[in-house]
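Engineer: Quick one: structure below, then a few questions.
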Amino acid sequence: MRIVLPIVLLLLALVGAVAADRPQPRADFVFINRGDVSTLDPAIISWLQDNRVMRMVGEGLTRNDIFTDNFETKPAACERWEVSEDGLDYTFFLRGDAKWSNGSPVTSQHFIFSWRRNMLPDLAGDYAKLYGFIEGGEAFMQWRAKALHAFLRTPTADFPNADRQAAASALWQQTLAKFEELVRVQAVNDTTLRVRLVRRTPYFIDLLAFPPMFPVYPPSVQAFESIDARTGMLRSGAAWTKPPIAVHNGPFTLTSWRFKRDMRFEKNPHYWNKNSIAIDTVSIPSMSDANASVLAFRTGSVDWVSDVVPSYRMQMYRDKLAFLHEHREQVENLRAQGIIDAIEIDRRLPKDPRSHIQMLPAFGTYFYNFNCRPRLPDGRDNPLANPLLRRAFAMAIDKQAIADNIRGVGEPAATTIIPAGMIPNYTSPQGLPYDPQAARELLAQAGYPQGQGLIPIEILFNKDGGHDLIAQAVAKDWERELGIRVELVQRETKVFRENLKGGNFMVSRASWFGDYNDPTTFLNLSKTG
3 MRIVLPIVLL LLALVGAVAA DRPQPRADFV FINRGDVSTL DPAIISWLQD NRVMRMVGEG
63 LTRNDIFTDN FETKPAACER WEVSEDGLDY TFFLRGDAKW SNGSPVTSQH FIFSWRRNML
123 PDLAGDYAKL YGFIEGGEAF MQWRAKALHA FLRTPTADFP NADRQAAASA LWQQTLAKFE
183 ELVRVQAVND TTLRVRLVRR TPYFIDLLAF PPMFPVYPPS VQAFESIDAR TGMLRSGAAW
243 TKPPIAVHNG PFTLTSWRFK RDMRFEKNPH YWNKNSIAID TVSIPSMSDA NASVLAFRTG
303 SVDWVSDVVP SYRMQMYRDK LAFLHEHREQ VENLRAQGII DAIEIDRRLP KDPRSHIQML
363 PAFGTYFYNF NCRPRLPDGR DNPLANPLLR RAFAMAIDKQ AIADNIRGVG EPAATTIIPA
423 GMIPNYTSPQ GLPYDPQAAR ELLAQAGYPQ GQGLIPIEIL FNKDGGHDLI AQAVAKDWER
483 ELGIRVELVQ RETKVFRENL KGGNFMVSRA SWFGDYNDPT TFLNLSKTG
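Taking the numbering used here, I'd label the letters of the sequence shown as residues 3 to 531.
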């Protein structure tokens, strides 16, 4: 009997595992998300694919209407707001029918809990700085950082009864009190939230539609929080972001998240606007190979691919040019009427039966990061700390050739990080042109004529999305025009992100999509401190 029982238990476990892994029926909508999701925690969210999914399961006070030309900001979790005459005080009135996926009401206290958590330097969120717009937000973040620094440097023996855990808990209570004292956010009642800003911020309403400003459900989050006795920091586990624990306030709920396999979503039955959602299920299979993603689309396995490989884009671009040539008379008539917008022309022409790619202008820029620190991670002097060298490298890249020959969808070459013509009433500066001769002169001024004496320059990138092809093109430009040696460093996406965040690179690929309709959404990337 003792031998039989373990065998029976093992068989039951195997049967349970097989049953749990049984294929689910095809979702109503299946799409490829251009990279696996890293996190659904608004406090630390950053990447485009994470934000895309976060908008499916979460909702802020406001939302961007994707069906309007300028992504008009409209009420979401709140039904309306009021602004004081001086533009500093905002009062938000939450919807009475705004609920979490477990049926609990969304309250103003939930937003305050979430925003306070997001401000903590403990979690090191990329967007904590956004809360500096709120009066007292910057002071609170600085106070907490200094308090944690002092706590870490204090010997355990100096705490009462030498109890470091008790001292850490006491510091956390001080932090909660300091937030109440400094930060001007107030829950007037369960459905009324008042916020005071440091200065007029015309894009504040737009900013509230951004996922790092979304609320979280406090009971779920707090179940996985603890105070670290050694550092005094708040530690937050990730289990609350995953099913079956996850609680959402957006249109969908996450019902399955299988690492490197797929994510599955179902319509949130408690979402206030559920009647506007025409589908019940969504699935995101994990597919790292870009060509496989396109093949899955062409065979009908998926309904949408968020981005496609350059070779496929190039073929579709050629098909598009051929189609426009076939209808050149209609195109010229439209242009004669003053219609020059490519999207509007597409809309007025017959549907191209060969076309599966929809090319839309995006509020984003592809660029390269330079490590500007005095020393490289291995301790060597960093030549890129010299701005003359960085300018030389920037002016030696034939960006138009990359746009034409590698990307192949008609994207403009960027000379500044802010996309030209995308922000109303704002004109980007001219930026640096492609000028190899001037680049060589700058290289010589920096002390490296014809590249002599310069250590090999490493370009860090991840292969997804054709980054390897762009890196090869840039390397050839630098080697040809500047006479330097370039080494390509390819890393798996997760390792790439860690290296990028830790400054473990010389040059790295990057891209940025604007988070709100103001130049600072790009300019703050390079803000010192």
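Even glycine gets a Cβ: it sits at the ideal position worked out from N, Cα and C. Everything numeric in this text was worked out from a predicted model, so none of it was measured.
Using 10 angstroms around the beta-carbon of SER295, count the other beta-carbons present and answer buried if the total reaches 16, otherwise exposed.
Structural biologist: SER295 comes out buried.
Engineer: What separation, rounded to the nearest whole angstrom, lies between the Cα atoms of ARG511 and MET121?
Structural biologist: ARG511 and MET121: Cα-Cα distance of roughly 28 Å.
Engineer: Assuming ILE461 and VAL509 make a contact with CB atoms under 8 Å, what is their CB distance in whole Å?
Structural biologist: Contact flag correct, Cβ pair sits at about 5 Å.
Engineer: Taking the C-alpha atoms as reference points, what is the distance between ASN384 and TRP49?
Structural biologist: Distance between the alpha carbons of ASN384 and TRP49 is about 28 Å.
Engineer: Beta-carbon separation of PRO253 and ILE279 under 8 Å?
Structural biologist: Contact: yes.
Engineer: Which same chain residues, not among the five before or five after GLY433, have their C-beta less than 8 Å away from its C-beta?
Structural biologist: Cβ neighbours of GLY433 beyond the five flanking positions: ALA416, THR417 and THR418.
Engineer: Grab the span of the beta strand (DSSP E) containing PRO389 for me, first residue to last.
Structural biologist: From DSSP, PRO389 is part of no beta strand (DSSP E) but of the alpha helix (DSSP H) over 389 to 397.
Engineer: If we ignore side chains and look at the alpha-carbon of each, how far apart do GLN26 and ALA164 end up?
Structural biologist: Rounded to the nearest angstrom, the two C-alpha atoms are 55 Å apart.
Engineer: Which same chain residues end up closer than 6 Å to ALA231 when comparing Cβ atoms and leaving out the 5 residues on each side of it in sequence?
Structural biologist: Once the five neighbours on either side are set aside, the close Cβ partners of ALA231 are ARG166, GLN167 and ALA170.
Engineer: Below 8 Å between beta carbons: does that hold for ARG36 and GLY467?
Structural biologist: Yes, they are a contact pair.
Engineer: Quick check on the DSSP output: the alpha helix (DSSP H) that includes GLY139 runs from which residue to which?
Structural biologist: Element bounds for GLY139: 139 to 155.
Engineer: Once DSSP output is grouped into helix, strand and coil, what is the label at TRP174?
Structural biologist: Here TRP174 sits in helix by DSSP.
Engineer: For VAL488, which residues of its own chain have a beta-carbon under 6 Å away from its beta-carbon, when the five flanking residues on both sides are left out?
Structural biologist: Excluding sequence neighbours, VAL488 sits near ILE459, ALA477, TRP480 and GLU481.
Engineer: For VAL108 versus LEU96, is the C-beta distance shorter than 8 Å?
Structural biologist: Yes.
Engineer: Just to confirm before moving on: does the CB-CB distance between VAL218 and PRO44 stay below 8 Å?
Structural biologist: Cβ distance < 8 Å, so VAL218 and PRO44 count as in contact.
Engineer: In three-state terms, what does DSSP make of ARG382?
Structural biologist: Here ARG382 sits in coil by DSSP.
Engineer: List the residues that DSSP assigns as beta-bridge partners of TYR92.
Structural biologist: For TYR92, which the question treats as bridged, DSSP gives the partners VAL85 and VAL197.
Engineer: Taking the DSSP output, what are the residues bridged to VAL187?
Structural biologist: Answer is VAL197.
Engineer: Classify ASN526 as helix, strand or coil using the three-state DSSP reduction.
Structural biologist: Three-state result, ASN526: helix.
Engineer: Run the CB neighbour count on ALA130, radius 10 Å, all protein chains shown included, and call it buried at 16 or more, exposed below.
Structural biologist: Buried, since its Cβ has 16 or more Cβ neighbours within 10 Å.
Engineer: Go ahead and label SER513 buried or exposed: buried means 16 or more other beta carbons lie within 10 angstroms of its beta carbon, across all protein chains shown.
Structural biologist: It counts as exposed.
Engineer: Start and end of the beta strand (DSSP E) containing PHE543?
Structural biologist: This structure gives no information on residue 543, because the portion of the chain shown stretches from 3 to 531.
Engineer: Strictly by DSSP, which residues pair up with ASN66?
Structural biologist: Answer by DSSP bridge pairing, in chain order: THR75.
Engineer: Can you list, in chain order, the residues of its chain whose CB lies under 7 Å from that of ILE420, leaving out five sequence neighbours each side?
Structural biologist: For ILE420, where only same-chain residues beyond five positions count, the Cβ hits under 7 Å are SER430, PRO521 and PHE524.
Engineer: Using the DSSP secondary-structure output, state which residues sit across from TRP306 in a beta bridge.
Structural biologist: The partner list for TRP306 (beta bridge, DSSP) reads PHE33.
Engineer: Going by DSSP in three states, LYS465 sits in which element: helix, strand or coil?
Structural biologist: Three-state result, LYS465: coil.
Engineer: Could you check whether the region 70 to 87 touches the region 172 to 191, counting it as contact only if at least three pairs of C-beta atoms, one from each stretch, sit closer than 8 Å?
Structural biologist: Not touching, per the Cβ criterion.
Engineer: Beta-carbon separation of LEU150 and GLY234 under 8 Å?
Structural biologist: Taking 8 Å as the Cβ cut-off, LEU150 and GLY234 qualify as a contacting pair.
Engineer: With DSSP run on the structure shown, which of helix, strand or coil describes GLU61?
Structural biologist: If DSSP states are grouped into helix, strand and coil, GLU61 belongs with coil.
Engineer: From the DSSP output, in three-state form, read off MET235 for me.
Structural biologist: Note: MET235 maps to coil in three-state DSSP.
Engineer: Considering only residues of the same chain and omitting the five flanking positions on each side of ALA448, which have a CB-CB separation below 8 Å?
Structural biologist: Closer than 8 Å at the Cβ level, and outside the excluded window around ALA448, lie PRO385, ASN388, LEU390, LEU391 and ALA394.
Engineer: Answer with buried or exposed for ARG442, where buried requires no fewer than 16 other C-beta atoms within 10 angstroms of its C-beta.
Structural biologist: The residue in question, ARG442, is buried, as its Cβ has 16 or more Cβ neighbours within 10 Å.
Engineer: Taking the continuous beta strand (DSSP E) assigned at THR495, which residues delimit it?
Structural biologist: Where THR495 is concerned, there is no enclosing beta strand (DSSP E), although the alpha helix (DSSP H) it sits in stretches over 495 to 503.
Engineer: Spatial neighbours of ASP470 within its chain, please: CB distance less than 8 Å, with the 5 preceding and 5 following residues excluded, ordered by chain position.
Structural biologist: Result list for ASP470: PHE463, LEU490 and GLN492, in chain order.
Engineer: Can you list the beta strand (DSSP E) stretches of 3 or more residues lying completely in the region 250 to 277, in chain order?
Structural biologist: List check, beta strand (DSSP E) in window: 254 to 260 and 264 to 269.
Engineer: As a quick exercise: from ARG146, ALA159, PRO162 and ARG198, pick the residue whose alpha carbon is nearest that of LYS180.
Structural biologist: That would be ARG146, whose Cα lies nearest to the Cα of LYS180.
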